[in-house]
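Undergrad: The sequence shown begins at 12 in our numbering and counts up by one. Yeah, the Cβ is synthetic: ideal placement off N, Cα and C, and Gly gets one too. Next up is a structure, given as structure tokens.
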Amino acid sequence: MYCWGYVSGYRGPRPARIPVRFKRLRLTVYTQPDGRFHLNIPLDKALRVGHDEVSVNLPPYTKVSAGKNLFAPGPITLNLLCPEEVRHLRSAQQ
């Protein structure tokens, strides 16, 4: 089974080689220079797991995790913000 997604931020893609961890699958993949990642999962393992927690924990960015259905259509999207972007977004909301 093939899954794909991307890691982006407030101002576009993040640097390459960001580790994206799939908790229940016990797999880690790394992003490409454009922020995309690709993952091939054996079908028997995907059927057994079905739903997984996808996370990125890379200081100084905020930790991001999301529950994902492996059989849902479309990409897995993770938004990773640095502290300056968080402050900018909070000030824009006020």
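#1: If you measure between the beta carbons of D45 and P24, is that distance less than 9 Å?
#2: Closest to K79 by CA distance: which of P94, L36, R22, P26 is it?
#3: Does DSSP put K56 in a helix, in a strand, or in coil?
#4: Between which two residues does the beta strand (DSSP E) carrying L100 extend?
#5: Cα-Cα, which of L92, G85, G20 is closest to T73?
TA: The answer reads as follows:
#1: On the sequence shown, residue 45 is found 34 positions in, with the first residue counted as 1. On the sequence shown, residue 24 is found 13 positions in, with the first residue counted as 1. Result yes, Cβ atoms of D45 and P24 sit closer than 9 Å.
#2: Within the sequence shown, residue 79 is the residue found at index 68, counting from 1. When only C-alpha atoms are compared, the closest one is L36.
#3: By 1-based counting over the sequence shown, the position of residue 56 is 45. Reduced to three states, the DSSP call for K56 is helix.
#4: On the sequence shown, position 89 is the one that residue 100 refers to. Note, L100: premise wrong, no beta strand (DSSP E); alpha helix (DSSP H) at 94-104.
#5: Position 62 of the sequence shown, counted from the first residue, corresponds to residue 73. Minimum Cα distance to T73 is reached at L92.
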